[in-house]
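Following: one structure in C-alpha cells, then a few remarks.
Residue numbers (my numbering), protein chains in the order written: chain A, 1 to 178; chain B, 1 to 404.
Structural data, given as C-alpha cells:
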C-alpha cells in the first residue's frame, strides 16, 4: 500500500506581516517548486536555478501580489512556471532525467513489485509530452489543487480537470502497456 | 467568465478520487487503480538536494526580510515602480505646467473691459481745427469747414488708451468766429442708463454749461435709452468732452465733432446791424426836419421798418454770438451689453472671481488638449505592451510544446 507523502501545507496567517508571509510561503513551497521544475525540466541543475530564480522574483514582486487575483501559491507557481518556460526557451533541449529523483531515499526493503510499478510509472511519465508532464508536476509533485492549477495555467477549473483526467488516462494506458 | 458545460459525472468522480487519495482519505474501490497511480506519481516527487536547500535558505534569509534582493543572484530587471515618488513628482510638475499655460492663455486674452472706454481709436476735430485756421487766399466767402470726424469705437478688448485718446481741438485762430458742436454716443448696461445721465449732468454743471433738453428712459432692459442736448461753453468743450468720455458706467460708441466758421456771417450780421442803425439815425434827422404831415407819416413808417431791421440784425448777431460762445453737444445713451468702463484700478472680489473662472476654464481647456494629444501615444503604448505580453506568453507556451 502506497501512501501519499506528507506535505507541509504551511498555513499563512492573514495577520502576518509581509516578510513573515513570504517566509511562510517559502517554507511551505520550496520543495514543491523544486519538484515541479525538476519534473518539467528533468535536469537537477536547471531545476535548482529555476527554483532560486522563482523565489527571487517572488521576493522582488511580493508587493505587487494582489489577493483578489488568486492565492499566493498559485501566484508563486505562476512565477515559477514562467521561469521554467524561459529556461526551456533558452536551452531548447530536453535534459536527460537521471531516472531517480535526487535526494529520494528508497527503503531497501520495498517490495519488488512496488518498485517495478514505480519504475513503470516513471517511464510512463517520461513518455508524456512536456505540457502533460507539467500538469502531473503541478498536481502531484507541487500539490496544487485544481483551482490553483487552473490559475497557474490560465485556464478554467473545468478545463484543468479535463486535461488532468485526460493525462491520467494516458498514464494508465501507458502503465498497462509496460 | 465564459460559461462552460459541467464536467462529466464520471470524470468528476475520478478527479474527486484523485484528490481524496492525495489527502489520505478513503476512496471508492472502483477507483483503486486510479488511486494507486496517483500515489505512485506523488511518491515519485523529486526532492531537492540538501546542499541546494541549505544554500537557498541562506540566500533567502541573508538580507532583511523586507529587502528586495535575495542574495548573489540579483533580479534580472527591476519591477516597474508605478507608484514611485518619481511618477508622482512628474505628475505634479505636469499639473503645474498646465496651470501655468492656462494662466498665460487667460492673461493674454483678458485685457480688461475697463479699457474699453478709451477704445476710441481715431482722433476727432483735428480737421475741424485745420478748417478753422484755414483762410483761402482771395476768398471773401465764409469758410465753412464743417468737419465731422467720427471715431468708431472698438469693441471690448481693445488696446488700452489713456485719457488723451481724444486730442483737444487746435486752438482757434484769434478773431475767427467758430461754431462748434459734437455728438457722443454712449452705451451702458441696461441698469445704468439713469446713472450715466446723472453723471452727465454733473459734468455739464462743472463745466458751466446747461442741458437744453433731456429724455431718459430707464427700463432695466435693452430698450433703455437717453438723449440729452447740452450747451457747453465753447472754451470748456474739449475738457467737457474728455470728461463725458470717461463716465464710470458708459462706453463710448462713437464721437463726432463738427465746427463751422461763421466769421463772415458774423461780420455781415454786424454790418447789417450797423447799417440799420445808421438808417434809423438818418431817418430821425429827417423826421426832425419834416414839415408836412405826409413827410412825417412817411418818415415814421420808414423808422418803424428801420427799427424792425435793427431788431432782426441784433437778433442775428446775438444768436451767432451765442452759438459761438456755447457749443451744442448731443449725447445719446443706449442700453447695451457692452462691457462697463470701469476706471477703478483696484482688485475687487467680483473681478477676482471672474479672472479665477477664466483661469480655471483656460486650464481645463489645456488639460483637454493635453489629454487629446497624449491619448494617441498612450493607446499605442498600451497596445504595444499588450502585444508584447501576449507574444511573450505565446513563446513560453511554444517552448513547452517544443520541449516534447
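Idealized CB from N, CA, C, for every residue including glycine.
Neighbouring residues, chain B, relative to residue i (Cβ below 9 Å)
i                      : result
residue 130 of chain A : 399, 400, 401, 402, 403, 404
residue 161 of chain A : 7, 11, 12, 15
residue 225 of chain A : Residue 225 of chain A lies beyond the stretch modelled for chain A, which goes from 1 to 178, so this question has no answer here.
residue 51 of chain A  : 48, 52, 56
residue 48 of chain A  : 48, 49, 52, 55, 56
residue 88 of chain A  : 396, 399, 400, 402, 403
residue 55 of chain A  : 56, 59, 60, 70
Residues that residue i bridges to, as DSSP identifies them
i                      : result
residue 59 of chain B  : Paired residue(s): none; residue 59 of chain B is not in a bridge.
residue 210 of chain B : B:231
residue 183 of chain B : B:256, B:330
residue 261 of chain B : B:178
residue 251 of chain B : B:187
residue 335 of chain B : B:188
residue 217 of chain B : B:225
Range of the contiguous alpha helix (DSSP H) that encloses residue i
i                      : result
residue 162 of chain A : 157-177
residue 89 of chain A  : 72-91
residue 355 of chain B : 349-403
residue 151 of chain A : 146-153
residue 239 of chain B : 237-244
residue 32 of chain A  : 18-41
residue 128 of chain A : Note, residue 128 of chain A: premise wrong, no alpha helix (DSSP H); not H, not E.
residue 13 of chain B  : 9-23
residue 304 of chain B : 293-325
residue 49 of chain A  : 44-60
residue 32 of chain B  : 32-43
Under 7 Å from the C-beta of residue i: neighbouring residues of chain A
i                      : result
residue 394 of chain B : Those within 7 Å of residue 394 of chain B in chain A number zero; the least Cβ separation is about 11 Å.
residue 40 of chain B  : 2, 117, 118, 121
Inter-residue CB distance, residue i and residue j (contact presumed, cutoff 8 Å)
i                      : j                      : result
residue 65 of chain A  : residue 144 of chain A : That pair is no contact at about 17 Å.
residue 184 of chain B : residue 329 of chain B : 7 Å
residue 36 of chain A  : residue 141 of chain A : 6 Å
residue 16 of chain A  : residue 54 of chain A  : Not quite, the Cβ-Cβ distance comes to about 21 Å (not below 8 Å), so this is no contact.
residue 283 of chain B : residue 306 of chain B : 6 Å
residue 7 of chain B   : residue 168 of chain A : The pair is not a contact, with the Cβ atoms about 14 Å apart (cut-off 8 Å).
residue 137 of chain A : residue 39 of chain A  : 4 Å
residue 266 of chain B : residue 177 of chain B : 5 Å
residue 268 of chain B : residue 225 of chain B : Wrong, their Cβ atoms sit about 40 Å apart, outside the cutoff.
residue 171 of chain A : residue 403 of chain B : Wrong, their Cβ atoms sit about 18 Å apart, outside the cutoff.
residue 313 of chain B : residue 273 of chain B : 4 Å
Chain B residues whose Cβ lies nearer than 8 Å to that of residue i
i                      : result
residue 134 of chain A : 400
residue 85 of chain A  : 396, 397, 399, 400
residue 65 of chain A  : The premise fails here: residue 65 of chain A is roughly 11 Å from chain B at the closest Cβ pair, so nothing lies under 8 Å.
Under 8 Å by beta carbon: chain A residues contacting residue i
i                      : result
residue 27 of chain B  : Result: empty, since nearest Cβ-Cβ is about 11 Å, beyond 8 Å.
residue 37 of chain B  : 121, 168, 171, 172, 175
residue 428 of chain B : The requested residue 428 of chain B does not occur in the structure, where chain B is confined to residues 1 to 404.
residue 34 of chain B  : 168, 172
residue 388 of chain B : Going along chain A, no residue has its Cβ under 8 Å from residue 388 of chain B, so there is no contact; the nearest lies around 14 Å.
Proximal residues of chain B, C-beta to C-beta of residue i below 7 Å
i                      : result
residue 122 of chain A : 44
residue 31 of chain A  : 47, 48
residue 164 of chain A : 15
residue 77 of chain A  : Going along chain B, no residue has its Cβ under 7 Å from residue 77 of chain A, so there is no contact; the nearest lies around 14 Å.
* Contact between the region 222-237 of chain B and the region 202-210 of chain B: three or more CB pairs below 8 Å? -> Flag = yes, the region 222-237 of chain B and the region 202-210 of chain B touch.
* To do: Please confirm if the region 56-66 of chain A is in contact with the region 17-34 of chain A, defined as three or more CB-CB distances below 8 Å between the two stretches.
  => Output reads yes: the region 17-34 of chain A touches the region 56-66 of chain A.
* Is the region 252-268 of chain B touching the region 314-324 of chain B, taking contact as three or more C-beta pairs under 8 Å? -> A contact exists between the region 252-268 of chain B and the region 314-324 of chain B.
* Given 8 Å, three or more beta-carbon pairs between the region 45-58 of chain B and the region 42-51 of chain A -> Pairwise C-beta distances place the region 45-58 of chain B in contact with the region 42-51 of chain A, as three or more of them are shorter than 8 Å.
* To do: Could you say if the region 349-366 of chain B and the region 251-259 of chain B meet the contact criterion of at least three C-beta pairs nearer than 8 Å?
  => Touching, no.
* Is the region 210-220 of chain B in contact with the region 286-298 of chain B, if contact means three or more CB pairs nearer than 8 Å? -> No: the two stretches stay apart, fewer than three of their Cβ pairs being nearer than 8 Å.
* Asked: Contact between the region 120-138 of chain A and the region 24-44 of chain B: three or more CB pairs below 8 Å?
  -> Result yes; three or more Cβ-Cβ pairs closer than 8 Å.
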